[in-house]
Amino acid sequence: MTIWPTLSKAPIVEGLIDIRVERLAEQTTTALKSACDELAGEFPLRIELRHWAGQINLSPQASPSISTAVDEPGGYLLRSTDEKWVAQFRLDGFTVSRLQPYGTWDDLKGMASKLWTKYSVAANPTRVVRVASRFINRVKLPTDESFEKTFLTNFVLGPTLPQSVAGSLLRVIIPFEDQNAVAIVTQSLEGISTECIFDLDAFSHHPEGIAEEEMWSKLDKLREVKNRLFFGSFTEAALERFR
8 MTIWPTLSKA PIVEGLIDIR VERLAEQTTT ALKSACDELA GEFPLRIELR HWAGQINLSP
68 QASPSISTAV DEPGGYLLRS TDEKWVAQFR LDGFTVSRLQ PYGTWDDLKG MASKLWTKYS
128 VAANPTRVVR VASRFINRVK LPTDESFEKT FLTNFVLGPT LPQSVAGSLL RVIIPFEDQN
188 AVAIVTQSLE GISTECIFDL DAFSHHPEGI AEEEMWSKLD KLREVKNRLF FGSFTEAALE
248 RFR
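This is the structure we're talking about:
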């Protein structure tokens with residue numbers, strides 16, 4: 008595995024691990040609520056998540072109408088005392104996020120492992136079908152420098168067009184066949200902002216299920232994908248600013 012440079016000023020604002028599961032049809036949020044109660048000392052802030060589905064009917068002969076097909080509890084969102092950790096215990100999966108300051112991958116994975124143990128006992132999933140690692144960065148762009156001075160991957164305007172932009176959104180989907188993974192890279196710039204959101208989302212589908220030990224190994228590989236994306240997307244000058 009590649010040894011990547013340590014960046015003391017990395018632009019990351021959120022890192023997360025997401026695990027999607029399949030469950031028994033009769034599973035409810037009762038056991039999830041009990042698990043969240045046990046975590047209340049460390050995660051005292053709680054919001055109920057609801058699953059909603061409906062249908063909007065539009066007709067030239069009548070006013071629009073909305074019919075609700077599903078409106079039921081879907082899980083819980085938890086925040087730690089310092090609000091730097093956010094966890095979701097849902098019927099369809101589990102997510103843990105670390106907000107600024109990010110820390111290390113081992114910190115994130117360690118917290119995810121700890122909370123997953125609690126979640127998996129409560130949710131009793133039949134299988135894990137998707138694992139993901141996502142990192143959101145806020146990159147400050149130097150004043151009066153072109154986008155190309157920071158990013159190796161960027162948009163290009165035709166030479167006959169005005170070269171100033173009022174916003175941009177670039178989304179690229181990249182398969183990593185050697186890791187059985189897919190990555191979605193999103194760069195967004197709004198208005199005259201000097202900050203660009205650089206979103207790296209790497210995930211792997213496992214329709215037949217994946218064993219727990221293999222799941223954590225797969226997450227390490229997805230982190231490797233993330234690092235390849237990150238270090239392969241910036242110029243040397245930009246990386247130097249992050250050191």
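Sequence positions in the sequence shown follow my numbering and run 8 to 250. From the three backbone atoms N, C-alpha and C, an ideal C-beta is built for every residue, glycine too.
Which full runs of the beta strand (DSSP E) of 3+ residues lie inside the segment 91-157, going along the chain?
92-97, 100-106, 134-147
Name the DSSP beta bridge partners of Asn64, please?
Ser72
Less than 7 angstroms between C-beta atoms, sequence neighbours within five positions excluded: which residues of the same chain meet that for Ser66?
none
Threshold first: 3 residues or longer. Then list the beta strand (DSSP E) segments lying entirely within the segment 158-227, N to C.
Counting only runs that start and end inside the segment 158-227, the beta strand (DSSP E) elements of at least 3 residues fall at 174-183, 188-197, 202-212.
Spell out the partners DSSP gives Arg86 in its beta bridges.
Leu52, Val93
Exposed or buried, Asn131, counting other C-beta atoms within 10 Å across all chains shown (16 or more means buried)?
Flag for Asn131 reads exposed.
Hey, Phe158 and Ala94: beta-carbon distance below 9 angstroms or not?
no
Assign Lys156 to one of two classes, buried (16 or more other C-beta atoms within 10 Å of its C-beta) or exposed (fewer than that).
exposed
With a threshold of 16 other CB atoms inside 10 Å of the CB of Leu226, please say whether the residue is buried or exposed.
So Leu226 ends up on the buried side.
Which residues mark the beginning and the end of the beta strand (DSSP E) in which Glu33 is found?
Premise fails: Glu33 is in no beta strand (DSSP E) and is neither H nor E.
If we count the other Cβ atoms within 10 Å of its Cβ and call it buried at 16 or more, is Thr242 buried or exposed?
Burial call: exposed.
Let me make sure I understand the geometry here. Which of Lys16, Thr9, Arg137, Lys121 has the alpha-carbon closest to that of Ala188?
Answer by Cα proximity: Arg137.
Taking 6 angstroms as the limit between beta carbons, can you name the residues of its chain near Ile191, skipping five residues before and five after?
Ile180, Asp208
Taking the alpha-carbon positions, what's the Ala173 to Lys116 distance?
Cα-Cα distance, rounded: 38 angstroms.
Would you please state the rounded distance, in angstroms, between the beta carbons of Leu39 and Arg250? I believe it to be under 8 angstroms.
With 8 angstroms as the limit, Leu39 and Arg250 do not qualify as a contact, their Cβ atoms being about 42 angstroms apart.
Do you know whose CA, among Pro12, Leu246, Ile26, lies nearest Thr124's CA?
Ile26
What did DSSP end up calling Leu229 once you bin it into helix, strand or coil?
DSSP places Leu229 in helix when its eight states are reduced to three.
Closest to Val135 by C-alpha separation, out of Phe210, Val20, Ile217, Leu46, would be which residue?
Ile217
Output the boundary residues of the alpha helix (DSSP H) element that contains Arg248.
Segment 243-249, the alpha helix (DSSP H) holding Arg248.
Pull up the distance between the alpha-carbon of Val128 and that of Gln62, whole angstroms please.
35 angstroms
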